[in-house]
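Trainee: The structure follows.
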Amino acid sequence: MKRYGYLWEDIIDFDNLVKAHYNAKRGKSWYKEVKMVESDTYYYIDQIHGMLVDKTYNVSPYKVFVRKESGKERVISKLPYYPDRIIQWALVQIIEPVFIRNFITDTYSAIPEKGIHYGLKRLHKALQNKEETKYCLKFDIKKYYQSISHLLLKKSLRRLFKDQDLLWLLDKTIDSVEGDFGIPIGNYTSQYFGNFFLSGLDHYIKEKKDHYFYARYMDDVVIFHRNKKYLNYLRKDIDWYLAAKLNLTMKENWQVFPTFARGVDFLGYRSFGDYTLLRKATANRFKSKMLAIKEDKCIGFSKENCVASYSGWLKWCDSHRLRNKYLVPAREVIYANNI
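Right, dumping it as structure tokens:
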């Protein structure tokens, strides 16, 4: 693995810090802190520049809250806009290309232009070869973000970066969480740390193991092969790698199954090769919200934004019946109310 240096000057460059502010403030112009920085941008950016040059920056206390997503409770840790989120943007703007060069083609999370739909296209292309994708191994990691070892993450980052000033800032960010494990969901840097931490597993499987297609979206993994027994062997090997190399545990609900009989639940859709359906949980939420709009009982969400969002989801799958039964009537109600 190539090690990168001489990045610190680019991170603390005044223009990079100004750019970080403008990127970080998108969609947040009403924040008090954003308005504060906007009132005298160059003064506040100069303050951040001084904190980094003098190494006086310390990560601010987190505001922690719980958010429910798809029936799961997620602990979200939020940092103040100034100076923390601006600094994280300044950091990522410079190191993101380095991370991306280290990632394999088929890892999709936290990579520009390589999100869900890019991954779905790659998956559909792989499934055209029905013999080689006859069986699927699917698994994810138990409490992934909370289980990432600070020590192992720092060691991994030192194999990629040799710039001591940069490593100081990366260590500050990692150590902002008490204890020896866990990176906070909510930090801009966490999605890059989380993706990078498993990149060793990606290269291990892609370069040393026999498989037809391997893909990962953060800690959600699918692997295809023509032989079911081989995938069961591979699952045990991956279990060993996670425990021995990364101090992680595979969730107990891993599965090896016939691909085309059950479909592959990955990236928000169920892919069967010849056709694709919306994931059941997503479809149920979609139906519930469209019915609420139709009956004028929607609470806590924008009708127009909701319809537009789900319309985007549906265009990537076989959804003719869902669209006509739920989406079209909801649109008609919105249109009638706006006349």
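For the record, in the sequence shown the residue sitting at position 153 is 140 according to my numbering, with numbers rising by one throughout. Cβ coordinates follow ideal geometry from the N, Cα and C atoms, glycine included.
(1) Could you have a look at H212 and say whether DSSP puts it in helix, strand or coil?
(2) Helix, strand or coil for M237 per DSSP?
(3) Give me the Cα-Cα distance between N10 and L264, rounded to the nearest whole angstrom.
(4) Whole angstroms is fine: what's the gap from Y49's alpha carbon to H36's?
(5) T263 by DSSP, collapsed to three states: which one?
(6) Given a threshold of 16 other Cβ atoms within 10 Å of its Cβ, counted over all protein chains shown, does T246 qualify as buried or as exposed?
(7) Could you tell me which residues DSSP pairs with D283 in its beta bridges?
(8) Check for me: the alpha helix (DSSP H) holding R(-10) runs from which residue to which?
(9) Below 8 Å on the Cβ atoms is my contact criterion, and I expect N222 with V209 to pass it. Report the Cβ-Cβ distance as a whole number of Å.
(10) In chain order, what residues of the same chain lie with their CB nearer than 7 Å to the CB of K290, ignoring the 5 residues before and after it?
(11) Start and end of the beta strand (DSSP E) containing A202?
(12) Would you tell me roughly how many angstroms separate the C-alpha atoms of T269 and G255, rounded to the nearest one?
(13) Counting along the chain, where does the beta strand (DSSP E) carrying D252 start and finish?
(14) What is the C-beta distance between L153 and W(-5), in whole angstroms, given that I count them as a contact (C-beta under 8 Å)?
(15) Quick check: what's the CA-CA separation for K232 versus H137?
(16) Pull the bridge partners of D127 from the DSSP assignment, please.
Mentor: Taking the geometry as given:
(1) Three-state result, H212: strand.
(2) It is a strand residue.
(3) Distance between the alpha carbons of N10 and L264 is about 35 Å.
(4) In a straight line, the C-alpha of Y49 is about 22 Å away from that of H36.
(5) The answer is strand: DSSP assigns T263 an E or B state.
(6) Buried: at least 16 other Cβ atoms inside 10 Å.
(7) In the DSSP secondary-structure assignment, D283 is not bridged to any residue.
(8) Annotation for R(-10): no alpha helix (DSSP H) segment contains it, and DSSP assigns it neither H nor E.
(9) First, the residue type needs correcting, since residue 222 is Arg and not Asn in the sequence shown. With a Cβ gap of about 12 Å, R222 and V209 do not count as contacting.
(10) The residues are I280, I321.
(11) 200 to 204 is the span of the beta strand (DSSP E), which, as asked, contains A202.
(12) Approximately 7 Å, taken between the alpha carbons.
(13) First-last of the beta strand (DSSP E) with D252: 251 to 253.
(14) Contact holds; Cβ gap of about 5 Å.
(15) Their Cα atoms are separated by approximately 13 Å.
(16) D207.
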